[in-house]
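To start, the structure itself, in structure tokens.
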Amino acid sequence: MGGLCSHSLELTGLAGDPASPVHRLDPRAKILALIAVTLVAVSAPLTAWPVFAGCALVLAAVAVAARVSASDIWRRARFILPLVLLAAALLPFVRKGGQTYELGPLTVHEDGLSVFVAVAVKAGIGTVSAVLLGATTTFPSVLRGLEAMRVPRLLILIAAFMYRYLFVIVEETGRMRAALAARAYRPRTALHAGALGRMATAMFLRTYARGERVYHAMLARGYAGAMPQLSPLVLRRADVLFVALVLASLVALRTVAEVAA
Amino acid sequence: MSCAIHAVGLSYSYPNGHHALDGIDLHVNHGERVAVLGPNGAGKTTLMLHLNGLMTGSGMLEVAGIDVGPKTLPELRRRVGLVFQDPDDQLFMPTVEEDVAFGPLNMGLGREEAGRRVAEALGSVRMEYSADRAPYQLSMGERRRVAIATVLAMRPNLLVLDEPSANLDPRARRELLEVLARIERTMLVTTHDLPLAAELCERAVILARGRVVADGACREILGDSALLRANDLELPSGFDLDRVGLRPRPEAPDTPQLEAV
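Protein chains in written order, with this note's numbering: chain B, 6 to 266; chain Y, 29 to 289.
As structure tokens, this is what we get:
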């Protein structure tokens, strides 16, 4: 596996201490608790700063217990955050109200800016939740958790195959890029992009053919529409306690914030 | 119970009109190890897919005591273990353990029994240490051996391998040979690797343009350089057939045979 692609794929693995209590939790407990944190943050009013602070505290506690370092979280979050923030990037310019600041040809409005900050904080909490789930739970375990939570099996299967063959496809793409580079392919203008288009077509055809071969291999071992599981998930007391603790602190937080407001 | 193959006049044409199999007559007896030799496009893989009911052509085909047809597929796939050429096609589950358990669980075995089969099958290919690994973390040789374990776990009567030594370095190839030589099963091995055939199989069949053009003792066929040349096959230069012995067969099955059904 070569180059940049493998680097970003490595970021999909576990981080922190794999033997930590958080890593050992049932994936369902972690999915539930971290979705709850995200939902509470997203559904809170834009000015509910105590709620945001509380959610951040809960996430920090989880990170500390899992021994996931801040730099690990940042290295992963920085891939997701720009995409999430892009949607809110225009807010300071188009949402009018309050003081205005001139920024060259653009005008920044105070109200818009505060909405942007609140949205950014919400996005940050959601992103860190997802990063923590990914850092403490292997992808196959997340899928098994989701399957046990009755997410449609077809979606799970698609995600599982995508995960399994991502690495194979990244390797193939790497080889094709090397083959292009070896023949002095250096795209300079958009007109040179044709080769990339043909490469994408070749990738598609190869992937399609592989899909067929994999399906044959599954049939050959008796596949009849259901993916069997070797060891079913079992909720233990620690899992229930973890979810209860997170949910209780979130509910308390929201209630206190509502009452105070 | 029969582990034999009886094919009479087996033919198959692809939708584009290419006759991949053109009246194959082949009889393999219980306990035999047969090498299927031939250049690319001779129909080796097509024949292999027929043995597991993944393709159905015209003519008579009886495998492991079963008439191949839609009704007999589940039982057929239990008795015939197919190892595909590219282990990345064969290993589609997130971890080695889940992959090896896939077949046994599809056969309706309980989780405990499936777990035992996984340990036994990984042991017989010397891959015990890899149960928790993901397929992409294994070397090509390791993937190939795990791919063999995935079908051994189903305790098939007949083992069919497609180009088992393709893309292996010399050491991985030797390890694979050692593993294969210890497996007590009726075996059909399609290969270009003539020295591998000489060490593993007592009988060889040459396939060309969808037909059986030679069938006999492996040493005699490999010793007939005119026959090999006529079919685009050749031994490595300097290879001395007399100095390579057939590997001895194991005395007792390393895994118990399936009970007669």
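We put the CB at the ideal spot given by N, CA and C, even for glycine. From a predicted model like this one, the values you see are computed outputs, not experimental measurements.
Residues of the region 215-228 of chain B with a C-beta less than 7 angstroms from any C-beta of chain Y: Arg215, Arg218, Val219, His221, Ala222, Met223, Leu224, Ala225, Arg226, Gly227 and Tyr228, listed in chain order. Note on geometry: alpha-carbon atoms of Ile176 (chain Y) and Ala200 (chain B) lie some 39 angstroms from one another. Residue pairing of Met88 (chain Y) in beta bridges, as defined by DSSP: Y:Val36.
Inclusion of Gly131 (chain Y) and Val179 (chain Y) in the CB contact set at 8 angstroms is warranted, their separation being smaller than that value. Of the residues Y:Ala149, Y:Ala70, Y:Ala209 and Y:Met135, the one whose Cα lies closest to the Cα of Gly227 (chain B) is Y:Met135.
Neighbours of Arg155 (chain B) in chain Y, taken as residues whose beta carbon is under 7 angstroms from its own, are absent, since the nearest beta carbon is some 20 angstroms off.
Note that the C-beta distance between Val147 (chain B) and Pro32 (chain B) is below 8 angstroms. Interface residue (Cβ-Cβ distance to chain B less than 8 angstroms): Thr178 (chain Y) is classified as such. Bounds of the beta strand (DSSP E) holding Ile52 (chain Y) are His47 to Val56. With 16 or more other Cβ atoms inside 10 Å of its own Cβ, Ala53 (chain B) counts as buried. In this structure, Ser25 (chain B) sits near Arg72 (chain B), with a CB-CB distance shorter than 8 angstroms. Taking C-beta atoms as the reference points, Ala65 (chain B) and Val248 (chain B) fail to come closer than 8 angstroms. With contacts defined by Cβ atoms closer than 8 angstroms, Val128 (chain Y) and Leu150 (chain Y) form a contacting pair. Bounds of any beta strand (DSSP E) do not take in Ala58 (chain B); it lies within the alpha helix (DSSP H) bounded by Trp54 to Ala71. It is roughly 20 angstroms from the alpha-carbon of Ser119 (chain B) to the alpha-carbon of Glu263 (chain B). Under the DSSP assignment, Leu104 (chain Y) falls in the alpha helix (DSSP H) whose first and last residues are Leu101 to Arg107.
Under the Cβ criterion of 8 angstroms, Val239 (chain B) is not counted among the residues facing chain Y. Here Glu191 (chain Y) is buried, its C-beta having at least 16 other C-beta atoms within 10 Å. When C-beta distances to chain Y are compared with 8 angstroms, every residue of the region 189-212 of chain B stays at or above that value. Non-local beta-carbon contacts of Ala225 (chain Y) in its own chain, meaning distances under 8 angstroms to residues more than five positions away in sequence, involve Ala63, Leu65, Val217, Thr219, Ala232, Cys246 and Leu250 in chain order. Note: Ala245 (chain Y) is bridge-paired with Y:Arg231 in the DSSP secondary-structure output. In this model, Met121 (chain Y) and Leu160 (chain B) are separated by some 15 angstroms (Cα to Cα). For the set Y:Leu205, Y:Leu256 and Y:Leu186, the Cα lying nearest the Cα of Gly59 (chain Y) is the one of Y:Leu186. Chain B has a Cβ within less than 8 angstroms of the Cβ of Met182 (chain Y).
The beta carbon of Ala49 (chain B) is closer than 6 angstroms to those of Val56 in its chain, skipping five residues each way along the sequence. Distance from the CA of Asn195 (chain Y) to the CA of Lys127 (chain B), rounded to the nearest whole angstrom, comes to 50 angstroms. Exclusion of the five residues before and after Arg145 (chain Y) leaves Pro132 and Ala181 as the residues of its chain whose Cβ lies within less than 6 angstroms of its Cβ. DSSP places Asp116 (chain B) in the uninterrupted alpha helix (DSSP H) bounded by Glu115 to Thr141. Listed along the chain, the chain Y residues whose CB falls inside 9 angstroms of the CB of Phe166 (chain B) are Phe120. Counting along the chain, Tyr168 (chain B) sits inside the alpha helix (DSSP H) bounded by residues Arg158 to Ala187. In the three-state DSSP reduction, Asp270 (chain Y) falls in the helix class (H, G or I).
With at least 16 other beta carbons inside 10 angstroms of its own, Ala222 (chain B) counts as buried.
For Asp197 (chain Y), there is no enclosing beta strand (DSSP E), as DSSP gives it neither H nor E. Chain-order list of chain B residues neighbouring Glu126 (chain Y): Leu235, by C-beta distance under 7 angstroms. Using beta-carbon distances, Met135 (chain Y) counts as an interface residue toward chain B, with a partner under 8 angstroms. Between the alpha carbons of Pro278 (chain Y) and Asp114 (chain Y) lies a distance of about 27 angstroms.
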